[in-house]
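K.L.:
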Amino acid sequence: MKKTALVAGAGGFIGGHLVKRLKKEGYWVRGVDLKHHEFSPTKADDFVIGDLRDAATCNKVMDRAFDEVYQLAADMGGAGFIFTGENDAAVLHNSATINLNMLEVAKNMNIKKIFYSSSACMYPKYNQEDPDNPKCSEDSAYPADPESEYGWEKLFSEHLYMSYNKNHGTSVRVARFHNIFGVEGTWIGGREKAPAALCRKVAEAKDGGTIEVWGDGKQTRSFLYVTECVEGVRRLMESDFMGPVNIGSDEMIAVNDLAKMIIKISGKNVRIKNIEGPTGIRGRNSDNRLIREKLGWAPSYSLKTGLEKTYPWVEARVKTSRLAIQTR
Ligand code: NAD
0 MKKTALVAGA GGFIGGHLVK RLKKEGYWVR GVDLKHHEFS PTKADDFVIG DLRDAATCNK
60 VMDRAFDEVY QLAADMGGAG FIFTGENDAA VLHNSATINL NMLEVAKNMN IKKIFYSSSA
120 CMYPKYNQED PDNPKCSEDS AYPADPESEY GWEKLFSEHL YMSYNKNHGT SVRVARFHNI
180 FGVEGTWIGG REKAPAALCR KVAEAKDGGT IEVWGDGKQT RSFLYVTECV EGVRRLMESD
240 FMGPVNIGSD EMIAVNDLAK MIIKISGKNV RIKNIEGPTG IRGRNSDNRL IREKLGWAPS
300 YSLKTGLEKT YPWVEARVKT SRLAIQTR
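Heads up: the sequence shown at position 276 corresponds to 275 in numbering that gives the first Met the number 0, and the numbers run straight through without jumps.
#1: Just to confirm the assignment: which complete alpha helix (DSSP H) runs, minimum length 4, are found wholly within the region 6–68?
#2: Alpha carbon to alpha carbon, how far is methionine 108 from leucine 51?
#3: Going by DSSP, what residues sit across from threonine 219 in a beta bridge?
#4: Between lysine 272 and the rest of its own chain, which residues show a CB-CB distance below 8 Å, the 5 nearest in sequence each way excluded?
#5: Using 8 Å as the threshold, is the region 231–250 in touch with the region 283–295, meaning 3 or more CB pairs across them?
#6: Could you check if lysine 42 belongs to the surroundings of the ligand NAD, using beta carbon to heavy atom distance under 7 Å?
#7: At which residue ranges does the region 239–312 contain complete beta strand (DSSP E) runs of 3 or more residues, listed in the order of the chain?
#8: Could you round the C-beta distance between aspartate 286 and cysteine 135 to whole angstroms and report it? I think they count as a contact, below 8 Å.
#9: Quick one: what's got a C-beta closer than 7 Å to phenylalanine 155's C-beta in the same chain, skipping five residues either side?
#10: From the DSSP output, which residues share a beta bridge with tyrosine 115?
#11: Find the nearest neighbour of glycine 189 within the set Gly305, Ala78 and Pro298, judged by alpha-carbon distance.
#12: Run the CB neighbour count on aspartate 206, radius 10 Å, all protein chains shown included, and call it buried at 16 or more, exposed below.
#13: Does the beta carbon of lysine 34 fall short of 7 Å from some heavy atom of the ligand NAP?
#14: Can at least three beta-carbon pairs, one atom from the region 180–187 and one from the region 239–253, be found at a separation below 8 Å?
#15: Alpha carbon to alpha carbon, how far is glycine 84 from isoleucine 252?
#16: Go ahead and pull the three-state DSSP assignment for isoleucine 187.
#17: Which ranges does the beta strand (DSSP E) cover as unbroken runs of at least 3 residues, wholly within the region 73–144, from first to last along the chain?
#18: With respect to 7 Å, is the separation between the Cβ of asparagine 284 and the closest non-hydrogen atom of the ligand NAD below this value?
#19: Which same chain residues, not among the five before or five after tyrosine 224, have their C-beta less than 6 Å away from its C-beta?
#20: Note down the Cα distance separating threonine 19 from threonine 309, rounded to an integer number of angstroms.
#21: Three or more C-beta pairs under 8 Å: does that hold for the region 159–178 against the region 245–264?
#22: Taking glutamate 137 as the reference, which of Ser147, Pro123, Glu103 and Lys200 has the closest Cα?
#23: Check whether the Cβ of aspartate 50 lies closer than 7 Å to any heavy atom of the ligand NAD, and answer yes or no.
#24: For leucine 322, count the other beta carbons within 10 Å of its own beta carbon; 16 or more makes it buried, fewer makes it exposed. Which is it?
#25: Give the range of the alpha helix (DSSP H) segment to which valine 182 is assigned.
#26: My guess is that leucine 91 and leucine 159 are in contact by the Cβ rule of under 8 Å, so how many angstroms apart are they, rounded?
#27: Check glutamate 146 in the structure and name its three-state DSSP category.
#28: Can you tell me which of the three DSSP states alanine 202 falls into?
Right under this line is the structure:
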């Protein structure tokens with residue numbers, strides 16, 4: 000019998016890659032999202048357009064005891080979306096409602112296992128003030144003090160998943176993703192994250208030109224290529240460990256150095272101008288000790304290799320959109 004999986008958020012970046020991976024593994028897959036995937040036709044056997052804030056949609060898509068449910072749907076974006084404060088009520092309301100609905104229906108339908116994508120944004124800001132020495136071990140989450148409302152919602156939902164496990168026996172898996180990037184991710188429009196945004200700015204820049212980078216550029220982060228993220232999700236799902244566990248790279252880099260790496264890949268001569276902008280916490284890096292201990296595996300894909308795939312993909316989108324404007 001084929002295993003069955005439901006991917007919520009299948010029209011999004013990581014969900015799209017996860018659907019491809021599950022299909023390669025031989026699953027029967029249903030995807031659900033508010034929208035179709037922007038960049039490639041879905042490989043899912045069935046794709047439902049629907050709003051998971053509506054419990055009726057959750058009932059409709061979870062009409063059978065799926066072997067696995069992957070809950071990736073969220074109202075989210077990069078720093079320009081979650082750190083400005085302008086979207087806070089929507090982020091809290093929309094994502095929490097999706098998780099409340101999904102879990103309740105999963106419990107009623109005896110779903111065998113449900114995965115939840117939390118985020119490193121739930122870690123307290125007081126541990127991330129030193130860009131060279133951030134602390135993001137799983138046990139450093141409390142006392143809680145996430146920097147954004149997005150992080151608070153992730154923390155609340157982690158508790159929700161763990162409580163359904165405790166009180167209803169729902170089998171849950173919870174991962175905290177750290178900055179996932181790669182091809183077929185949002186690269187324009189305000190929700191894009193730093194790697195895609197910087198790839199776009201470099202691709203748009205003239206040789207000898209300048210790109211703007213938010214903040215002083217000394218803020219640090221780590222970035223994980225999307226296929227490694229999906230590998231981690233699958234390994235967690237197959238294991239007996241519930242989490243929460245970090246899924247991220249521990250190759251920490253300052254944002255200006257990230258920009259320089261992209262510029263080098265582009266082959267252009269481009270200068271960096273640091274300007275004021277929403278930057279979030281000063282430093283963040285994935286602590287991979289727990290994932291190594293529990294899964295005997297940790298991401299190892301280098302940032303440079305991931306960017307060498309991502310830059311040409313974004314550059315091709317920039318060129319296509321320029322052509323479209325010229326021919327209008
Ligand atoms: P994404 O925005 O590309 O995908 C999320 C999808 O959820 C979108 O396609 C969106 O349309 C869908 N969605 C939103 N509201 C919905 C609703 N009401 N009903 C149905 N679908 C809805 O984001 P992503 O980068 O693929 O992230 C997937 C998950 O991983 C999210 O939960 C996100 O918070 C989490 N995460 C991502 C990162 C990252 O770096 N990309 C980091 C930490 C956590």
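Beta carbons: idealized from backbone N, C-alpha and C, even for Gly.
P.N.:
This is what the structure holds:
#1: Counting only runs of at least 4 residues, the region 6–68 fully encloses the following alpha helix (DSSP H) elements, listed from N- to C-terminal order: 12–23 and 54–60.
#2: Going by C-alpha positions, methionine 108 is about 16 Å away from leucine 51.
#3: DSSP lists Ala253 as the beta-bridge partner residues of threonine 219.
#4: Answer for lysine 272: Thr209, Ile210, Glu211 and Val212, listed in chain order.
#5: In this structure the region 231–250 lies against the region 283–295, because at least three pairs of beta carbons, one per stretch, are closer than 8 Å.
#6: No, the ligand NAD has no heavy atom inside 7 Å of this Cβ.
#7: For the region 239–312, whole beta strand (DSSP E) runs of length 3 or above, ordered along the chain, are 244–246 and 270–274.
#8: The Cβ separation is near 5 Å, so the contact holds.
#9: Excluding sequence positions up to five before and after phenylalanine 155, its CB lies within less than 7 Å of the CB of Ala95, all in the same chain and listed in chain order.
#10: For tyrosine 115, which the question treats as bridged, DSSP gives the partners Gln70 and Val173.
#11: Glycine 189 has its Cα closest to that of Ala78, out of Gly305, Ala78 and Pro298.
#12: It counts as exposed.
#13: By its list of ligands, the structure shown excludes the ligand NAP, since it contains just the ligand NAD.
#14: With a cut-off of 8 Å, the region 239–253 and the region 180–187 do not count as touching, because too few Cβ pairs lie within range.
#15: In this model, glycine 84 and isoleucine 252 are separated by some 26 Å (Cα to Cα).
#16: Under the three-state reduction of DSSP output, isoleucine 187 falls in the coil class, being neither helix nor strand.
#17: The qualifying runs are 113–118.
#18: Incorrect: asparagine 284 has no Cβ contact closer than 7 Å to the ligand NAD.
#19: Excluding residues within five positions, the ones whose Cβ falls inside 6 Å are Gly181, Tyr300 and Gly305.
#20: In the sequence as displayed, the identity of residue 19 is lysine instead of threonine. Distance between the alpha carbons of lysine 19 and threonine 309 is about 18 Å.
#21: Touching, yes.
#22: Checked all of Ser147, Pro123, Glu103 and Lys200; the closest Cα to glutamate 137 is Pro123.
#23: Within the chosen limit of 7 Å, the ligand NAD reaches the beta carbon of aspartate 50 through at least one heavy atom.
#24: Exposed.
#25: Membership of valine 182 in any alpha helix (DSSP H) is not indicated, and neither H nor E is assigned to it by DSSP.
#26: Contact annotation, leucine 91 with leucine 159: C-beta distance approximately 13 Å; criterion of less than 8 Å not satisfied.
#27: Reduced to three states, the DSSP call for glutamate 146 is coil.
#28: DSSP places alanine 202 within a helical segment (H, G or I) once states are collapsed to three.
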